[in-house]
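Following our numbering, the numbering of the sequence shown begins with 2 at its first residue and continues without gaps.
Note that beta-carbon positions come from the ideal geometry of N, C-alpha and C, so glycine has one too.
None of the values given here were measured: they were computed from a predicted structure.
A short write-up of the structure that comes next.
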Amino acid sequence: MVSRIIPVDPFDLVIFGGTGDLARRKILPGLFRRFCADQMPEEARIIGAARSEMSDDAFREMVAEAIREFGGKRGGDDAELDAFLERVGYETVDATGEGGWKALAGRMREGTTRAFYFSVGPSLFGDLAERLHTHGLATPDSRIVVEKPFGHDLESARALNATLAQHFTEEQIYRIDHYLGKETVQNLMAVRFGNTLFEPLWNAQYVDHIQITVAETVGVGGRGGYYDKSGAMRDMVQNHLMQLLCLIAMEPPARFDPNAVRDEKLKVIRALDPVAPHHISRGQYDAFEDQPSYRDDVENPRSTTESFIALRCHVSNWRWAGTPFYLRTGKKLRARASEIAVVFKDAPHSIFGAEAGRHRNVLSIRLQPNEGMTLGVTIKEPGPGGMRLVDVPLDMTFADALGPDAEEVPDAYERLIMDVMRGNQTLFMRGDEVEAAWAWTDPLIEGWQGRGEVPKPYDVGSSGPDDSLMLMHRDGRKWRDIRT
Ligand code: NAD
């Protein structure tokens, strides 16, 4: 049995940016799947709110199309879709003006859980918070969900936190990082803190190093304008990779509750050393056959923004002293593959002699595709003929273990939205975490900008620029293959 459905209380969910790409691809199909799973109560209401003039019916038609296109295998039948659409409405609202706010306020019910999803560009977050307040919508028990990017640097993140704090308490703010909603990421905590097996080995004494890779095959797509001002460091490392690093490196929290978990994550970020320039490799994808280069994609022939970054960092505390963490992410790479690999040290002495070869335990936590975990263990190669050793994976992939039910596992967005409705902030970033992450990231960016460094070109379909490979070679280590 996979999912025990815990119904949530009736809610009014307003999706600002309800006609946008994120709403259509993720938020609305995710809500529909929760509806089909009987997690959404009868009385739940979803109100799309965006700038476009649109009737309730036209919005429902748009939602139906989005669900047909992006709903995936777990979408329900037409009757379920109709029933879902009865709970959906739309209001034309201008985040930067007064239009539509009164009508929106008129749709909200008293005594119902209230959430506002800011699925709009970050420049509108402050306007929305302000207008929710002036129109009396920011009641003490209402919640806001804020999308990434949360700031562009420490200063802007602080300013945004301060703006939101004028009208909402920290307990009302849900900063989303959808990586935290992934099943495997939560499974990582279960494996670490639910077993006695791993935790005693989870430290510098037994772990040689940790690799975190988030590789994409896509380029910047239609987001060139935004991406070129941001780059891989801001777009991926400051949030997603740092969150994964925190969950891997943190101390066991006393309880699985929001502030206990987030306190431990914050300590990890604050324990990160500055990164030396020679421990950073930045790259930009080159043109390949008929495929454009990064600079073509962003229409900026002199761009020095990185579409790839690899770096080595250290968490300076007792647990991890001397253990390097290697982070790597980029676009147009060999495969779409995200993995955390915990590479354990060699056995202190091989009783089997040099001819048995070198064998290492590696715990691989895959986030995509095929979410799951494998532990590489060394065993005797079966059969006669002496003691030959072979590495085999112990597969902890729940998709296999759980059989056909596995497709019931909710995706990150649907899980996180239900957590908002339940009022559970464990898988959301706290304001001080986001600021600490920028405080670590900013000097690295300022460093390469100050040195006038230009990213190295790399081939589309490769594993990144050569000096990212050197980053590992110099340490006598090797990146794991990027493969699906
Ligand atoms: P989008 O451009 O597709 O949609 C923007 C939405 O905002 C539209 O519904 C538009 O009508 C609405 N809007 C714009 N100006 C408005 C105004 N003045 N008043 C009211 N509504 C207004 O953008 P998106 O891709 O859906 O992204 C939304 C947010 O989510 C952004 O912050 C983005 O960074 C973030 N995000 C998107 C994705 C993704 O996959 N698309 C992934 C992660 C984060």
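Can you tell me whether residue i is helix, strand or coil according to DSSP?
i: Gly-182; result: helix
i: His-241; result: helix
i: Gly-18; result: coil
i: Val-435; result: helix
i: Ile-6; result: coil
i: Ser-365; result: strand
i: Ile-213; result: strand
i: Gly-451; result: helix
i: Met-41; result: coil
i: Leu-445; result: helix
i: Pro-456; result: coil
i: Leu-376; result: strand
i: Val-221; result: coil
i: Ile-483; result: coil
i: Tyr-207; result: coil
Looking at the secondary structure, which residues open and close the alpha helix (DSSP H) in which residue i lies?
i: Gln-167; result: 155–168
i: Gly-127; result: 126–135
i: Phe-36; result: 29–37
i: Ala-139; result: Premise fails: Ala-139 is in no alpha helix (DSSP H) and is neither H nor E.
i: Arg-144; result: From DSSP, Arg-144 is part of no alpha helix (DSSP H) but of the beta strand (DSSP E) over 144–147.
Is any non-hydrogen atom of the ligand NAD found closer than 8 Å to the C-beta of residue i, if you look at the structure I gave you?
i: Arg-26; result: yes
i: Arg-61; result: no
i: Glu-99; result: no
i: Tyr-227; result: yes
i: Leu-390; result: no
i: Phe-17; result: yes
i: Gly-386; result: no
i: Val-121; result: yes
i: Val-435; result: no
i: His-350; result: no
i: Lys-149; result: yes
i: Ala-50; result: yes
i: Glu-304; result: Looking at the sequence shown, residue 304 is not Glu but Ser. For the ligand NAD, not one heavy atom lies less than 8 Å from the Cβ of Ser-304.
i: Gly-21; result: yes
i: Asp-467; result: no
i: Ser-56; result: no
i: Leu-328; result: no
i: Ser-53; result: yes
i: Val-146; result: no
If you follow the beta strand (DSSP E) that residue i is in, where does it begin and where does it stop?
i: Asp-264; result: Premise fails: Asp-264 lies in the alpha helix (DSSP H), 259–271, not in any beta strand (DSSP E).
i: Glu-92; result: 89–93
i: Phe-71; result: It is not in any beta strand (DSSP E) - Phe-71 instead sits in the alpha helix (DSSP H) that spans 57–71.
i: Leu-390; result: 390–396
i: Arg-176; result: 174–176
For residue i, count neighbouring Cβ atoms within 10 angstroms of its own Cβ and tell me buried if that reaches 16, exposed if not.
i: Gly-112; result: exposed
i: Pro-141; result: exposed
i: Lys-333; result: buried
i: Glu-415; result: buried
i: Met-2; result: In this predicted model, Met-2 has a pLDDT of only 46, less than 50, meaning its place in the structure is not dependable; the value taken from the coordinates is given anyway. Result: exposed.
i: Asp-287; result: buried
i: His-210; result: buried
i: Phe-119; result: buried
i: Met-471; result: exposed
Comparing the CB of residue i with every heavy atom of the ligand GTP, is any distance shorter than 8 Å?
i: His-179; result: The ligand GTP is absent from the structure shown, which contains only the ligand NAD.
Secondary structure, beta strand (DSSP E): runs of 3+ residues fully inside the region 285–369 = 309–315, 325–331, 338–345, 363–369
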